[in-house]
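Remarks on the structure that follows.
What follows is the structure, encoded as structure tokens:
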């Protein structure tokens, strides 16, 4: 097995000389951590401004007036870091040189990318690692990463290197122009590098321990998820913010490389491992996590002899598509077709427009609208391995007096999605969590 | 309340002089049975040929050679009936006259419609009721019934009449040409007449007691359904043959007229009442019935970041539509969209064509096909009134060791559809029936 770990450190880990000292300890603590990918310095405190955001302002100013007052703030951040870490080069000289290049290049992409560039350059110097510029590794085609070419290019460039720091978040097109990944894109850089160097694990270091089984604002002290599959992560993250950029998974799953979400500020926690596949025997929990989202609307269409109207469902969905309305679930039955839609898609007159179009074109008997529905996704690759789990799930909900508005199960064995009234949302999540997790752990 | 009952008697009830004597008893037994609608004589025994089928052959022969040997068989049927009932006119003269008209009119519709015509004429004579030809009541526009014009025409024509027998199954267009309803269409005639005369009930007399809660080939001696709603009937009949033509419901539900399915050969059974709405207090059963159908195929499509492909679902459904594939359910989740399709739609190369088109156009990560799935619809307008019913349902299934492949609930409160392996189909239906019905009744 490969003896290479790729470790990506996010903005909070790279925020100051103090936090970077923790990064250095982590890297030095394991000689397999050979390829380090970094973000630009992030927030040091909640009101702080990320260097990347400062650089967007710098870009505005430079493009507007060929000068930038904000660049002073950027300089201060890097000077603090460089002095605190005692770097071997003159940070002021580098910062002045970079400002000249910004004026010369005059593109938002180049200017904004300098946060990661400097971040990586400094860390490489302090660690005694080689700094490799992402522009020589990550290849763009238009505005998108060319995955295949990137893999080929990075694999070749890094083949004979050991102990390297790479700037995240950007790459270059064939002409050498700097191109940016989307926000949070340093995660993707790390994944692309992991694939290119055949890493045994891709460590994604941020400021949280990993993934929790539920939202801690809803469930008190939820457990950390020790391991899960990519599919489970997707099923959980769809309904809430994810700590890892969703484009991250494709490159690593391609090579079967696990992601390990870790906390720079609590390195003793093993974090969460995310695999392409986890054998059932390796799991102690029945459910992996519970995710949910409020404020859905269920539109229930009834029409006698609906199946005699060919393409009824397809036509209704095409109305939604034209109105940019995304449909999450499609409960259906004899003479009825329904759509579960996040209510944010039905604001303004879109709801009325959609319903009127359905009424006018499809001539239904009735169109009923049910609002304030929450969807809850109970995720667990082992959920269906034991038939009694389904029973446990429903008894937990029923015994807590939750009214079920929808059940959608069958598209994969990994999760089951239920609909409840918004008012029952938190009770339902706690009921399921208590049934499956508290009892298992605390017994 | 109206004091008018419309009674429609099907082919088995009108099959012979013996069976028609039962019809006469039933009609005479209730003076509110004022408008009688009849089918042509049906089968007297299982190998018998229905008069309507004989008449299709007669039509073939007449159109082919201006003569018909088969008409002799038709004559024999009606002669037996007329003599057995001692009608007041010469049946031979009428039959000869009708044959001349057949040769003159020379249309399949006219020829085939004479079964109901003669049936109604004979019954009217024996009952001492007025015979009204359906051609003066049921109005067609093209090949479809014009519901509004029919209602107006029939209402006016029948306004001052009492005690009438009407021929089912046909009507006429504005030029007076005879037009046929689809097979089983005498049910629809009865419904149209019920609406026109403001009937208090539409009695539909056949050779079975009404609707059973489940298929008696699967569950031993299932109970008769005493009452249900139109919606429940639709949800039950979708998955199996219905004893009542599906176009029947629209005209009567329009006027809030209940249908009463009765048995000519067991008139003491109250049969099944079908209402537009049944108040919860009127029901003693939790479930109304269980219907099911074997041999579905589940096509599971997975694509990472599926929601970034706008109209993914709509596009996949349009492929189905072009291939005339009807999709029954749409289980879905994050990055996955599935379709439950009756396998008969996927025969020949249609399955491969569909999957190839999905693969080529939608570029999914995987397309998985699960075959031999049965759908079971548990129908009951009160099913969700008590939350514990859902729990009872799942515990019945789980305790019988049934693996659930799909759950679709939410489009209406009337039913829940589950998917199981074909091999578990009969066990599952029996488990649910035993849980909800045997225990309730036999306690």
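Protein chains in written order, with this note's numbering: chain A, 163 to 605; chain B, 163 to 605.
Built from N, CA and C at the ideal position, the CB exists for glycine as well.
Among B:295, B:280, B:309, B:218, the one whose alpha carbon lies nearest that of residue 269 of chain B: B:218
Touching by the beta-carbon criterion (3+ pairs, under 8 Å), the region 340 to 356 of chain A and the region 286 to 305 of chain A: yes
Coil, strand or helix - residue 251 of chain A by DSSP: coil
Unbroken alpha helix (DSSP H) run spanning residue 184 of chain B, endpoints: 179 to 190
Sheet register partners of residue 495 of chain A (DSSP bridge): A:498
8 Å Cβ shell around residue 312 of chain A - same chain, five flanking residues per side excluded: 299, 300, 301, 333, 354, 358
Whole-Å CB distance - residue 422 of chain B paired with residue 411 of chain B, under 8 Å assumed: Not quite, the Cβ-Cβ distance comes to about 13 Å (not below 8 Å), so this is no contact.
CB contact check: residue 411 of chain B to chain A, cutoff 8 Å: yes
Buried versus exposed, by CB contacts within 10 Å (16 or more), residue 605 of chain B: Any reading at residue 605 of chain B must be qualified, since the residue scores a pLDDT of 44, below 50, and its modelled position is unreliable; the value itself is stated next. Residue 605 of chain B is exposed by the Cβ-count criterion.
DSSP three-state assignment for residue 543 of chain B, whether helix, strand or coil: coil
Continuous alpha helix (DSSP H) stretch holding residue 518 of chain A: start and end: 512 to 524
Local Cβ density within 10 Å of residue 390 of chain A, reported as buried at 16 or more and exposed below that: buried
Near-chain A residues of the region 566 to 581 of chain B (beta-carbon distance less than 7 Å), N- to C-terminal order: 566, 567, 568, 569, 570, 571, 572, 573, 574, 577, 579, 581
Exposure label - residue 528 of chain B; buried when at least 16 CB within 10 Å: exposed
Near-chain B residues of the region 465 to 488 of chain A - C-beta to any C-beta below 7 Å: 466, 467, 469, 472, 473, 475, 476, 479, 480, 483, 488
As assigned by DSSP and simplified to three states, the class of residue 487 of chain A: coil
Residue 569 of chain A CB to nearest heavy atom of the ligand FAD below 7 Å: The model on display carries no ligand, and the ligand FAD is accordingly not part of it.
Cβ distance (whole Å) where residue 387 of chain A is taken to contact residue 592 of chain A below 8 Å: Incorrect: roughly 17 Å between the Cβ atoms, too far for contact.
Contacts that residue 542 of chain A makes with chain B (C-beta to C-beta distance below 9 Å): Here the premise fails: no neighbours, minimum Cβ distance about 13 Å.
Three-way DSSP call (helix, strand, coil) for residue 599 of chain B in this model: helix
Straight-line gap, residue 228 of chain B to residue 263 of chain B (C-alpha atoms, nearest Å): 12 Å
Burial state of residue 225 of chain A, where buried means 16 or more other Cβ atoms lie within 10 Å: exposed
Contacts that residue 227 of chain B makes with chain A (C-beta to C-beta distance below 7 Å): Within chain A, no residue comes near residue 227 of chain B; the closest Cβ sits about 38 Å away, beyond 7 Å.
Top-ranked residue by Cα proximity to residue 521 of chain B, from B:360, B:208, B:461: B:461
For residue 525 of chain B, the nearest candidate out of B:375, B:449, B:467 (CA to CA): B:467
Meets three-Cβ-pair contact criterion under 8 Å: the region 231 to 243 of chain B and the region 164 to 182 of chain B: yes
Sub-8 Å separation of residue 330 of chain B and residue 315 of chain B beta-carbons: no
Exposure label - residue 640 of chain B; buried when at least 16 CB within 10 Å: Any question about residue 640 of chain B goes unanswered here, given that chain B covers just 163 to 605.
Identified DSSP bridge partners for residue 301 of chain B: B:334
C-beta contact flag for residue 319 of chain B and residue 164 of chain B at 8 Å: no
Neighbour-count burial assignment, residue 513 of chain B, 16 or more Cβ in a 10 Å radius: buried
Contact set between residue 525 of chain A and chain B, taken where Cβ atoms lie within less than 7 Å: Within chain B, no residue comes near residue 525 of chain A; the closest Cβ sits about 13 Å away, beyond 7 Å.
Contact residues within the region 314 to 332 of chain B, judged by C-beta distance below 9 Å to chain A: none
Members of the region 342 to 360 of chain B near chain A, C-beta cut-off 7 Å: none
Those residues which DSSP pairs with residue 271 of chain A across a bridge: Answer is none; residue 271 of chain A lacks a bridge partner.
Chain B contact for residue 605 of chain A (CB, 8 Å cutoff): Here residue 605 of chain A scores only 44 on pLDDT, less than 50, and its place in the model should not be relied on; the value that follows carries that caveat. It does not; no Cβ of chain B falls within 8 Å.
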